[in-house]
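Just so we're aligned: the sequence shown equals residues 8 to 208 in our numbering. Virtual Cβ for every residue (Gly too), placed ideally from N, Cα, C. Data block below; observations after.
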Amino acid sequence: MKKFFTLVVLLATMTVAAQAQVKFGVKGGLNITSMKFDQSVVDKSNQAGFFIGPTVKFTLPVVGLGIDAAALYDQRSAKVADETLKQQSIQIPVNLRYGFGLGSTASIYIFAGPQFGFAIGDKSKNIVDNALEWRLKDSNLSANVGLGLMLLDHLQISANYNIALGTTGEVDVNNALSTTWDTAIGKAKANAWQLSVAYFF
């Protein structure tokens, strides 16, 4: 009985995979980042960044349901004490999406899912006359929640909020070089609003 059940599940999975439609494309957009520290000791402000890279969309045989994923070069920044901290990474979002509308002509969809980030480039920087040291984590996990519009089955426009689920980086004080920054800044999280455009071939 167990073998029969396993065979049924395997055949059902293969059938779903065979019926899924796959489309490849390219995606790019704008990040507007807000960096939040454990302690509000430093000034910070929203900064713009960008992302770009290949994307893929799976349309499942269940009406309106699909999955999209991408591998994006992502650059974010935030201003801290009049200096700009930059975060460069490869971000891999994997979103479950549900769309409804006028078929291939136009449809609205909602989506949500995890995003896996891997830092590249410089991972540390001294700021405020070397009084503070910013250290970026090697990897991070975040989540996306958003809304999009699909036009003519090729052009996709979306907006989402990317929520950091862990620490993005840390700032430490060098007391030997600083008399004014005498308390530790602590850990920071970088959340971002994202606007994107994708084209599927």
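Contact check for lysine 43 and lysine 196: beta-carbon distance about 5 angstroms, within the 8 angstroms limit, so the pair qualifies.
As far as DSSP is concerned, asparagine 53 takes part in no beta bridge. According to the DSSP assignment, proline 121 belongs to the beta strand (DSSP E) that extends over 113-127. Under DSSP, aspartate 160 takes part in no beta bridge, so it has no partner. Sorting Ile117, Ile99 and Gly36 by C-alpha distance to the C-alpha of phenylalanine 125 places Ile99 at the top.
Taking C-beta separations shorter than 8 angstroms and ignoring five residues to either side along the sequence, the partners of leucine 159 in its chain run Ser111, Thr112 and Ala113, following chain order. Asparagine 167 and tryptophan 200 have their C-alpha atoms some 6 angstroms from each other. Between glycine 120 and arginine 83, the C-beta spacing is not below 7 angstroms. In this structure, asparagine 102 lies near phenylalanine 118, with their beta-carbon atoms less than 7 angstroms apart.
It is roughly 15 angstroms from the alpha-carbon of asparagine 53 to the alpha-carbon of leucine 202. Rounded to whole angstroms, the separation of the alpha carbons of leucine 156 and isoleucine 164 is 5 angstroms. Per DSSP, the unbroken beta strand (DSSP E) holding valine 101 starts and ends at 90-108. As computed with DSSP, glycine 35 is found in a beta bridge with Ile59 and Val204. Isoleucine 97 and phenylalanine 107 have their alpha carbons spaced roughly 31 angstroms apart. Following the DSSP letters along the chain, one finds glycine 71 in no beta strand (DSSP E), marked with neither H nor E. Comparing C-alpha distances from leucine 143 to each of Val178, Gly71 and His161 shows the shortest one belongs to Val178.
Taking a 10 Å sphere around the C-beta of asparagine 169, we find 16 or more other C-beta atoms and assign the residue as buried. Within the same chain, Ile115, Tyr116, Ile117, Phe118, Ser165, Ala166 and Asn167 come within 8 angstroms of leucine 154 by CB-CB distance, once the 5 residues on both sides are set aside. Beta-bridge partners assigned by DSSP to aspartate 81: Phe58 and Ser96.
A straight-line Cα-Cα distance of about 17 angstroms links aspartate 75 and aspartate 81.
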